[in-house]
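Heads up: the sequence shown at position 328 corresponds to 328 in UniProt numbering, and the numbers run straight through without jumps. Presented below is the structure to which this report refers.
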Amino acid sequence: MDGDLITTAQAADLLGVRIPTIYSYVSRGLLHPADVARSRHDGSVFPRGDVIALVEARRRPRRGHFEMTIETAVTSVEPSGVLLYRGLDVAELATTHPFEEVAEIVWGGADDGCDWPTPELAPPPPGRTPRDLILWAIAETAVTDHARNDLSSGHFRDAGRRSIRAAAASLASVNRGSTIGRIAEIVGGALAARAPAGATVDALDVALGLLADHELATSTLAARAAASTGADPYAVLTAGVAALGGVRHGSASGAAYDVLRTVLEGGTLPAEVVAGFGHTVYADTDPRAIVLLDRVAGIDDGVAAATDRLALHLRRLSGLAPNVDLGLAALSLACDLPRHTGEVVFTIARLAGFVAHGIEEQGHPLRFRARATYTGAASRSTSGPT
1 MDGDLITTAQ
11 AADLLGVRIP
21 TIYSYVSRGL
31 LHPADVARSR
41 HDGSVFPRGD
51 VIALVEARRR
61 PRRGHFEMTI
71 ETAVTSVEPS
81 GVLLYRGLDV
91 AELATTHPFE
101 EVAEIVWGGA
111 DDGCDWPTPE
121 LAPPPPGRTP
131 RDLILWAIAE
141 TAVTDHARND
151 LSSGHFRDAG
161 RRSIRAAAAS
171 LASVNRGSTI
181 GRIAEIVGGA
191 LAARAPAGAT
201 VDALDVALGL
211 LADHELATST
221 LAARAAASTG
231 ADPYAVLTAG
241 VAALGGVRHG
251 SASGAAYDVL
261 RTVLEGGTLP
271 AEVVAGFGHT
281 VYADTDPRAI
291 VLLDRVAGID
301 DGVAAATDRL
311 ALHLRRLSGL
321 APNVDLGLAA
331 LSLACDLPRH
341 TGEVVFTIAR
351 LAGFVAHGIE
361 EQGHPLRFRA
371 RATYTGAASR
381 STSGPT
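Below you can see the structure in the form of structure tokens.
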């Protein structure tokens, strides 16, 4: 073999990844196989210089950015718009399976036949925000779990089932809604001013499935960091929810809701980029937004038309495409649900992903120790001049 070419296995070794990750790099355009005559049996070869350049690029941080690459078998996210849970198309999963079954798949288990019990909890405290209630429900569920420090995958899954149902039930209790049924039914009853229509429940179920995981989002990284310390499953969930709560992450759909509502009511189109558009991973439209906006089109023509108008305007203005936050905002308006619907759906759904990554992190030692570039004052004496 030409000394300037290396095999797939050698490339994986240089990069410190598995062979399937090399294939992922190729599909994302990060590596390009050499154009040489070889049989299919021989496999691909790569220019050594290209591989070394990628090694160096991964070592060299961008100013102002914290970058980390972690191998995972949970979710695959490709810039082209391909999104997979455990190798299965997420759009198809979310539209054909209830959220509970999607969660079981994300956790690497069977997709049916598992019990999702609702813990017996005291009434939640009054005057709390939805995120407060979800955090309270996780904490209360932890208190009732005498095996809370069990870090086995089976217990992580059980803690996830109990916490997700407790979180949904805590929201429902405020509206005196039912805590019986699918998670989507409970959440719909908690959010809606009246009993939600079947189309609303189905749409929420799809949204929950679409948002169950999304690779290494900021909140997922926080959950994995907690898991790497040996934290119990409930602490892992709490860490993830805490990071999810910011307006740049799990609650971004609220700002998108405000903009879309203005357009729906005949207001002026925005003169600058707004929430609900653009994504750091996807080159074009977020595939989750495509599914949600398709649901919206079948529920409310007016909201669908306003969303299309806003999307076309932002495309011309900035070149940016819709992301999942716009999809959640449009779904909320189409189903006559409140502004915080997107944040609630995002948070409850992503608990499933936190569980999956908490399980996966158990196979690794403590490894989240970043280094800082110090920018403070130079070393000086504390005793003062003499």
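In this text, a Cβ means the ideal position worked out from N, Cα and C, and glycines have one as well.
Nearest-angstrom Cα distance between residue i and residue j?
i           : j           : result
residue 354 : residue 376 : 35 Å
residue 207 : residue 262 : 23 Å
residue 159 : residue 153 : 10 Å
residue 1   : residue 284 : Note on residue 1: pLDDT 48, under 50, position unreliable in the model; no value is reported.
residue 110 : residue 85  : 13 Å
residue 238 : residue 371 : 25 Å
residue 271 : residue 114 : 50 Å
residue 91  : residue 82  : 9 Å
residue 300 : residue 220 : 33 Å
residue 75  : residue 188 : 27 Å
residue 258 : residue 339 : 8 Å
residue 197 : residue 298 : 13 Å
residue 201 : residue 135 : 23 Å
residue 390 : residue 20  : A question about residue 390 goes unanswered here, because the residues of the chain that appear run from 1 up to 386.
residue 323 : residue 311 : 10 Å
residue 264 : residue 328 : 15 Å
residue 242 : residue 117 : 24 Å
residue 108 : residue 150 : 18 Å
residue 190 : residue 179 : 9 Å
residue 302 : residue 344 : 24 Å
residue 139 : residue 148 : 11 Å
residue 317 : residue 341 : 28 Å
residue 124 : residue 162 : 16 Å
In this structure, what does DSSP give as the bridge partners for residue i?
i           : result
residue 89  : 84
residue 77  : 83
residue 7   : 45
residue 33  : Bridge partners of residue 33: none, in fact.
residue 277 : 322
Going by C-alpha distance, which of the options is nearest residue i?
i           : options            : result
residue 216 : 357, 4, 53         : 357
residue 260 : 213, 44, 313, 238  : 313
residue 168 : 147, 155, 205, 198 : 205
residue 122 : 170, 104, 105, 178 : 170
residue 146 : 233, 176, 127, 91  : 233
residue 266 : 193, 241, 9, 309   : 309
residue 350 : 337, 218, 316, 287 : 218
residue 25  : 71, 4, 35, 363     : 71
residue 130 : 236, 175, 97, 156  : 175
residue 235 : 178, 290, 156      : 156
residue 226 : 341, 317, 369      : 369
residue 80  : 230, 288, 13       : 288
residue 56  : 374, 15, 290       : 15
residue 30  : 17, 54, 363        : 54
residue 230 : 127, 249, 333, 365 : 365
residue 305 : 317, 279, 334      : 334
residue 8   : 36, 43, 35         : 43
residue 51  : 381, 101, 373, 4   : 4
With C-beta atoms as the reference, is residue i less than 8 Å away from residue j?
i           : j           : result
residue 210 : residue 88  : no
residue 276 : residue 331 : no
residue 119 : residue 144 : yes
residue 346 : residue 244 : yes
residue 247 : residue 256 : no
residue 183 : residue 172 : no
residue 166 : residue 141 : yes
residue 337 : residue 199 : no
residue 164 : residue 348 : yes
residue 352 : residue 213 : yes
Does at least one heavy atom of the ligand GDP sit under 7 Å from the Cβ of residue i?
i           : result
residue 283 : As presented, the structure is devoid of all ligands, the ligand GDP included, so that no description of it is given.
If contacts are defined as beta-carbon pairs under 8 Å, then residue i and residue j qualify, I think. What distance do you get, rounded to the angstrom?
i           : j           : result
residue 360 : residue 228 : Residue 360 to residue 228, Cβ: 11 Å. No contact.
residue 273 : residue 320 : 6 Å
residue 48  : residue 22  : Wrong, their Cβ atoms sit about 14 Å apart, outside the cutoff.
residue 295 : residue 203 : 5 Å
residue 78  : residue 28  : 6 Å
residue 12  : residue 46  : Not quite, the Cβ-Cβ distance comes to about 10 Å (not below 8 Å), so this is no contact.
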